[in-house]
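Undergrad: In the working numbering, the protein residues as written are 1132 to 1594.
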RNA sequence: GUCCCUAUCGUCUAGAGGCCUAGGACAACACCCUUUCACGGUGUGAACCGGGGUUCGAAUCCCCGUGGGGACGCCA
């Protein structure tokens, strides 16, 4: 049997980081076992679902590089199928009409809460042998409820949490179709997972309570049961539940913030799953190693500092063409137009080891690409009499030197010797003069990449 | 309130009864490297929630507490 997993978000917002991890694990599990990964959009909540949200999810998945093999399937397009199954269940007696109004339900719930009981439907319309049902009221369109078993228990071996068991007496008869005939979530999921041949349902922790109900429906339908694996949630940096107000939650926020997709994937993989002491691994390695046995069953707190570190590691080894592309894109957003050419790639390569994210890399690279003027304070501090004479001495040496790092370095050292000063006395004013900043990578490398013309022009601004 | 899940350094985690005087990573701190800022290197401090069992032996198994989380919708 080939493994078939699915990711089934509801399009009511962005693809958030928790959903992204769920998708990643489902994707990886399918890939690991040579199976299929299916994308299904659960859009039966017509009031809250939007096409923009669907697009945001698709964009997020694409950005992360999680490609689906089948779908996206839309539940709204499967209405006929759901309705057919409901009719079939009604006929088989595994579901029944319920005429209880919302008001009655609210009253029932209030009573139960007052008595400190778990709120649940009391089964007043549930047909039983020998039971007399209330008279059918006029003018009320009934909902359809699933006839849940009343005794015994439902249990399953959760792939991440182990054995979980619920007494059927804890479960009430859930509504599977609204008065207008549209099916509800728990029912659609069941029919979809069945029809789509899903073998492993990997989803968030918040669904464990739905699982026994879904299993009971599957059993009533005579459908095979998938393996369930419930992932615990991701908490924010502050240990609180993730919220849009306090945390970056949409995966595209991380793109905007300058994180590399591979770093995010690696970080997410490591958040809640482990392979011994391994911290950094490629996507391919992850797929090869991934299993359900090493998933943590307790909630994990998101740690931006560790993500930053990982991102930096990825940045250091990232391909220069790709980085140049990202940098150009980010510079363009602030009105600096550069093309992804050999020069940009060289500059990026020089700076990539000292940035933690792509935005910082763009910041760092910008002074090389466009002329920045040092602040008055910098000038006052660094363009002292000795500073300026060092720059003059150096400039004269740079005019004719062969333009490569070793020779440039030699020039700087000669200036140091000529003026009887140490390296920083020359290097720092030099940085301020050519970059407008007192810090940079090794200055000889910076000069080399900038080119003679540009360096001399910038130096002469102050001499 | 009821049900379900969960509990190892500040954080992510290793740990499948003896390999644990509990390992790694991030962060912190110290030192080293250094042409500035970073990178990097070396090292230090830092944890098995509490109480009972089971066992020759428990971070690991069981029970009870406590803390944390989730669910209890004609939302998904």
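The C-beta atom is built at its ideal place from N, Cα and C for all residues, glycine as well. From a predicted model like this one, the values you see are computed outputs, not experimental measurements.
Is the CB-CB distance between residue 1318 and residue 1307 below 9 Å?
TA: Counting from one through the first chain, the residue named residue 1318 turns up at place 187. Counting from one through the first chain, the residue named residue 1307 turns up at place 176. In this structure, residue 1318 places its C-beta atom within 9 Å of the C-beta atom of residue 1307.
Undergrad: Quick one: what does DSSP say residue 1372 is sitting in, helix, strand or coil?
TA: As a first step, residue 1372 must be located in the first chain, where it is residue number 241. Note: residue 1372 maps to strand in three-state DSSP.
Undergrad: List the DSSP bridge partners of residue 1486.
TA: For the purposes of this step, residue 1486 is taken as residue 355 along the first chain, with counting starting at 1. Bridge pairing for residue 1486: absent [DSSP].
Undergrad: By DSSP's criteria, residue 1287 is part of a beta bridge. Which residues make up the other side?
TA: Along the first chain, read from residue 1 onward, the residue named residue 1287 stands at position 156. DSSP, once it has assigned bridges, lists 1295 as partnering residue 1287.
Undergrad: On the DSSP letters alone, give me the boundaries of the beta strand (DSSP E) that residue 1203 sits inside.
TA: Here residue 1203 refers to the residue found at position 72 when the first chain is read from its first residue. First-last of the beta strand (DSSP E) with residue 1203: 1201-1205.
Undergrad: So residue 1423 and residue 1335 are in contact, right, with Cβ under 8 Å, and what is the actual spacing, rounded?
TA: Taking the first residue of the first chain as position 1, residue 1423 is located at position 292. Taking the first residue of the first chain as position 1, residue 1335 is located at position 204. Rounded, the Cβ-Cβ distance is 15 Å, inconsistent with contact.
Undergrad: Is it true that the segment 1542-1558 meets the segment 1504-1524, where meeting means three or more beta-carbon pairs spaced less than 8 Å apart?
TA: yes
Undergrad: When the Cα of residue 1589 is compared with those of 1503, 1327, 1138, which residue comes out closest?
TA: The residue given as residue 1589 occupies position 458 in the first chain. Checking every option, the nearest Cα to that of residue 1589 belongs to 1503.
Undergrad: Name the DSSP bridge partner or partners of residue 1147?
TA: Working through the first chain from its first residue, we reach residue 1147 at position 16. In the DSSP assignment, residue 1147 forms a beta bridge with 1381.
Undergrad: When DSSP labels each residue in this structure, what does residue 1359 get in the three-state scheme?
TA: Taking the first chain and counting its residues from 1, one reaches residue 1359 at position 228. Strand, per DSSP.
Undergrad: Below 8 Å on the Cβ atoms is my guess for residue 1467 versus residue 1501; work out the distance and round it to an integer in Å.
TA: Taking the first residue of the first chain as 1, we reach residue 1467 at position 336. Taking the first residue of the first chain as 1, we reach residue 1501 at position 370. Contact holds; Cβ gap of about 6 Å.
Undergrad: Is it buried or exposed, residue 1403, if we count other Cβ atoms within 10 angstroms and call 16 or more buried?
TA: Position 272 of the first chain, counting from 1, holds the residue named residue 1403. Residue 1403 is classed as buried because its beta carbon has at least 16 other beta carbons within 10 Å across all chains shown.
Undergrad: In three-state terms, what does DSSP make of residue 1335?
TA: What you label residue 1335 is simply residue 204 of the first chain in a count that begins at 1. Looking at residue 1335 - three-state DSSP - the assignment turns out to be strand.
Undergrad: With a threshold of 16 other CB atoms inside 10 Å of the CB of residue 1543, please say whether the residue is buried or exposed.
TA: Taking the first chain and counting its residues from 1, the one referred to as residue 1543 is at position 412. Result: buried.
Undergrad: With residue 1275 as the anchor, note down where its beta strand (DSSP E) starts and where it stops.
TA: For the purposes of this step, residue 1275 is taken as residue 144 along the first chain, with counting starting at 1. Its beta strand (DSSP E) spans residues 1274-1277.
Undergrad: Quick one: Cα of residue 1146 to Cα of residue 1324, how far?
TA: Along the first chain, one-based indexing puts residue 1146 at 15. Along the first chain, one-based indexing puts residue 1324 at 193. Their Cα atoms are separated by approximately 21 Å.
Undergrad: Just tell me which of 1563, 1229, 1326 has its CA closest to the CA of residue 1264.
TA: One-based indexing of the first chain puts residue 1264 at position 133. Comparing Cα-Cα distances from residue 1264 to each of 1563, 1229, 1326, the minimum goes to 1229.
Undergrad: In terms of residues, what are the limits of the alpha helix (DSSP H) holding residue 1521?
TA: As a first step, residue 1521 is located in the first chain; it is residue number 390 there, counting from the start. Counting along the chain, residue 1521 sits inside the alpha helix (DSSP H) bounded by residues 1516-1529.
Undergrad: According to DSSP, residue 1170 sits in a beta bridge with which residue or residues?
TA: The count along the first chain starts at 1 and reaches residue 1170 at position 39. In DSSP, residue 1170 forms a bridge with 1138.
Undergrad: For the candidate residues 1530, 1279, 1297, whose alpha-carbon lies nearest to that of residue 1595?
TA: Because residue 1595 is not part of the residues shown, which for the chain are 1132 to 1594, the question remains open.
Undergrad: Quick one: using the 10 Å Cβ neighbour count with 16 as the cut-off for buried, is residue 1453 buried or exposed?
TA: By one-based count along the first chain, residue 1453 stands at place 322. When all chains shown are included, residue 1453 counts as exposed.
Undergrad: Decide if the segment 1201-1210 is in contact with the segment 1158-1172; the criterion is three or more beta carbon pairs, one per stretch, under 8 Å apart.
TA: yes
Undergrad: Where does residue 1306 fall in DSSP's three states?
TA: Taking the first chain and counting its residues from 1, the one referred to as residue 1306 is at position 175. DSSP places residue 1306 in strand when its eight states are reduced to three.
Undergrad: Determine, using beta carbons only, whether residue 1275 and residue 1352 come nearer to each other than 9 Å.
TA: Taking the first chain and counting its residues from 1, one reaches residue 1275 at position 144. Taking the first chain and counting its residues from 1, one reaches residue 1352 at position 221. Not closer than 9 Å, so no.
Undergrad: Which word fits residue 1216, buried or exposed, when buried means at least 16 other C-beta atoms lie within 10 angstroms of its C-beta?
TA: On the first chain, position 85 is the one that residue 1216 refers to. Under this definition residue 1216 is a buried residue.
Undergrad: Just mark residue 1248 as buried or exposed, buried being the case when its beta carbon has 16 or more other beta carbons within 10 Å.
TA: Sequence index remark: in the first chain, residue 1248 carries index 117 (1-based). Exposed, by the Cβ-count rule.
Undergrad: How big is the Cα-Cα spacing for residue 1491 and residue 1185?
TA: Within the first chain, residue 1491 is the residue found at index 360, counting from 1. Within the first chain, residue 1185 is the residue found at index 54, counting from 1. The alpha-carbon atoms of residue 1491 and residue 1185 are separated by roughly 31 Å.
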